Amino acid sequence: MYTITIRHWEAMTKINIISFNTLTFSEKSARRFFLDFCWKNHQRYCPACKNRKLYHLADGRRRCGRCGYTFHDFSRRYLSRCAFTSRQWLWFLKLFALDIAPASIAAEMEVSYATILKAADTVRRAIVAQALDAGRLYDAGIWPGPGNPLPTQEIVNAPVFGIIELGGVAICDLLPDLRAENLLHFKLNFCLKTASVGQVVYTAPYKQYLALVSCGSGLWPARYIKHADKRLPVEASPFWSFAKQRLRQMRGVPASHFPLYLKECELRYNSRNEDLIPVLAQALCAFVPRPDA
Ligand SMILES: [Zn+2]
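Its first residue numbered 1, the sequence shown is counted upward by one per residue in full-length UniProt numbering.
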């Protein structure tokens, strides 16, 4: 009999290829891995009203004794999007963590390219939900995930983020009082230095921030406007070197997705000495926030 001995993952636990093999050995073992992140001590409660009095239904689901909400173990969580099995999610996380191109992941997993893009989008939104400034990101028009109405307006200019790097930890802080146009105004009227990587514009230090960063057409109003200043202090930041390289590879980041990519960079950088699989699994097992509900 095959028993799973590796349980209750700490953030620092490294899942080597042998233990990964154990996790993906069966759908049951993979599912148990995710369930540990979903329910503390296996204690189920209603995702809608948190009530613990539940009825078992014949199909394996549960029904809340108070509000009548019917749910399964992954209801309302990020990992219920994409209709992946737990094994598929684990393999996806492994390949995503290794930065394999979406087309290659699709080929390896024999699922459509669109599904892989959706899975990657789901992981990024799950990362955003864990961020301290998640509420501000949702206020800025970022869609939290399934269960929320889709934004009615396309984001033309991404919000402005301030970058801080302290003791090897990067923070990309959404600054709700600043807009992309403000960066341009600071540049033209106050000589704030700016540089770019693709469409993404970043600046010289501003207040307590090493740089401001944003992206969108509002930063490129005319051909004569260039963001090409050299030797900005942020260039010395290991986080920014890391983020810049990733942003360069992405070629043409849409403004609406820029915050998701930036938060992914932040998490990858800050988790660089950890195994990403449990970090991402934990995010994926969280309930999708419903800020407007
Ligand atoms: Zn309920």
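Every residue gets a Cβ at the ideal spot worked out from N, C-alpha and C, and that includes glycine.
All values derive from a computational prediction rather than experimental measurement.
message = Considering only heavy atoms of ligand 1, does any lie closer than 8 angstroms to the CB of G68?
response = yes
query = ligand 1 heavy atoms versus the CB of A293: any closer than 8 angstroms?
reply = no
ask   = Beta-carbon separation of P289 and A58 under 9 angstroms?
value = no
message = How far does the beta strand (DSSP E) with H56 in it extend, from its first residue to its last?
response = L54 to H56
message = Quick test of the definition: if touching needs 3 or more C-beta pairs under 8 angstroms, does the segment 181-201 touch the segment 225-235?
response = yes
query = Cα separation between W9 and N182?
reply = With a pLDDT of 48 at W9, under the threshold of 50, the predicted position of this residue should be treated as unreliable, though the coordinate-derived value follows. Rounded to whole angstroms, W9 to N182 spans 44 angstroms at the Cα level.
request  = Return yes when the Cβ of N16 is within less than 9 angstroms of the Cβ of A170, no when it is not.
outcome  = no
query = Is it true that the CB of P221 sits closer than 9 angstroms to the CB of L280?
reply = no
task = With DSSP as the reference, please indicate the residues paired to G218 in a beta bridge.
result = Paired residues: none, contrary to the question.
key: DSSP three-state assignment for D173, whether helix, strand or coil   = strand
task = Leaving out five residues on either side along the sequence, give the residues of the same chain with a beta carbon under 8 angstroms from the beta carbon of F20.
result = L90, K94 and I277
query = Can you list, in chain order, the residues of its chain whose CB lies under 8 angstroms from that of F150, leaving out five sequence neighbours each side?
reply = Contrary to the premise, residue 150 reads as Leu rather than Phe in this sequence. Correct list, in chain order: W143.
inquiry  = Comparing C-alpha positions only, which one of R268, G145, V156 and R52 sits nearest to C215?
reply    = V156
ask   = Name the DSSP beta bridge partners of G162, please?
value = D173 and L212
request  = Pull up the distance between the alpha-carbon of G218 and that of Y224, whole angstroms please.
outcome  = 14 angstroms
query = Of the choices L166, L23 and R268, whose alpha-carbon is the least far from that of L210?
reply = L166
request  = State the Cα-Cα distance for the pair R248 and Q153, rounded to the nearest angstrom.
outcome  = 27 angstroms
ask   = Measuring CB to CB, does A126 end up less than 9 angstroms from L262?
value = no
query = Pick from A140, N148 and G60: whose alpha carbon is nearest that of P159?
reply = A140
message = Measuring only from the beta carbon, is C64 closer than 8 angstroms to any heavy atom that is part of ligand 1?
response = yes
message = Between K40, K226 and E266, which has its C-alpha nearest L161's C-alpha?
response = It should be noted that the sequence gives Phe, not Leu, for residue 161. It is E266.
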